[in-house]
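Numbering (numbering that gives the first Met the number 0), first residue to last: 0 to 219. All residues carry an ideal CB built from backbone N, CA and C; glycine is no exception. Below is one structure, written out as structure tokens, with a few remarks after it.
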Amino acid sequence: MSGTQSRKSITKTESDEPKAATRTASPRIGVLAIQGDYDAHAQALREVGAEPVLVRKPEQLAEIDGLILPGGESTTFLKFLERDGFLSSLREFVQTKPTFGTCAGCILLATEVTHPPQKSLGVLNATVERNAYGRQIDSSIHTAATELPGGPLEMVYIRAPRIAKTGEGVNVLAQRDGFPVLVEQGHIMAATFHPELSADHRVHQRFVKMVRSHMGRSSR
Ligand code: GLN
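Right under this line is the structure:
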């Protein structure tokens, strides 16, 4: 410490140091940008101090510290991902890197999907039922208690799935009608609602914190 200080007082030109410090402080978080509301996620990430990267190619997975799978239509995501080996690269990524799935993204992460059954990345220990709350017209906004500090949270539901069952290791952070709507399992996080559509960014903050602590662990 004192060594650094004395070096600073001698050299005076320090332009490289603050830049390096800022880069390590801002995790690069990818947002799968195939369809859906990826821009709103990118904006929320920026507002909580992360650097968003719009991911459209499997090669980009190597450049990011974490990934958000946004809402949209899970069947459309799957169709796109099945091209160019993207799905298998993603399967590998989600095994070890922090990943947050919202709505359709939550469906993609689950070990089991119903109504109807479909392929998934199988990393969130849960059964997720698609379109469990009805059609588009049944989309709604609720405010409910969560385990996140700071009081009740606004939750925007759009043709939302239901986490019908969770298995070992899944920590429930919020519920709706007795079913989990926000969960965490190791380096995986999932929400059946759209946190990017609310001004309150506590959910993104939580994910960025998870990414940061994962970065700390893997560099040790
Ligand atoms: N109903 C969509 C699906 O099954 C998810 C809706 C959403 O992401 N808002 O993929």
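Residue(s) in a DSSP beta bridge with residue i
| i | result |
| --- | --- |
| residue 183 | 170, 188 |
| residue 220 | No information on residue 220 is available, as it lies outside the stretch 0 to 219 that the chain covers here. |
| residue 164 | 126 |
| residue 175 | 178 |
Own chain residues within Cβ distance below 6 Å of residue i, not counting five before or after
| i | result |
| --- | --- |
| residue 93 | 120, 122 |
| residue 109 | 119, 123, 125, 127 |
| residue 111 | 126 |
Local Cβ density within 10 Å of residue i, reported as buried at 16 or more and exposed below that
| i | result |
| --- | --- |
| residue 83 | exposed |
| residue 161 | buried |
| residue 175 | buried |
| residue 170 | exposed |
| residue 62 | exposed |
| residue 216 | exposed |
| residue 96 | buried |
Residues of its chain near residue i, where Cβ-Cβ distance is below 8 Å and the 5 sequence neighbours each way are ignored
| i | result |
| --- | --- |
| residue 77 | 86, 107, 117, 118 |
| residue 114 | 128, 129, 130, 131 |
| residue 53 | 29, 30, 32, 37, 41 |
| residue 45 | 51 |
| residue 98 | 65, 66, 67, 68, 92, 108, 122, 186, 187, 188 |
| residue 79 | 33, 34, 85 |
| residue 140 | 153, 154, 155, 156 |
Chain-order list of residues whose beta-carbon lies under 7 Å from that of residue i (same chain, five-residue window excluded)
| i | result |
| --- | --- |
| residue 183 | 170, 172 |
| residue 25 | 48, 49, 50 |
| residue 71 | 34, 35, 103 |
| residue 168 | 124, 184, 185 |
Cutoff 8 Å: residue i Cβ touching any chain C Cβ
| i | result |
| --- | --- |
| residue 214 | Among the chains in the structure shown there is no chain C, since it carries only a single protein chain. |
Heavy atom of the ligand GTP within 7 Å of residue i beta-carbon
| i | result |
| --- | --- |
| residue 161 | In the structure shown, the ligand GTP is absent; the only ligands present are the ligand GLN. |
Inset, instruction - Ignoring anything shorter than 3 residues or poking outside the region 79-139, list the beta strand (DSSP E) runs there in chain order. - result: 98-101, 109-113, 123-128
Inset, instruction - Only counting runs of 4 or more residues, tell me where the alpha helix (DSSP H) segments fall wholly within the region 19-82, in order along the chain. - result: 37-46, 73-80
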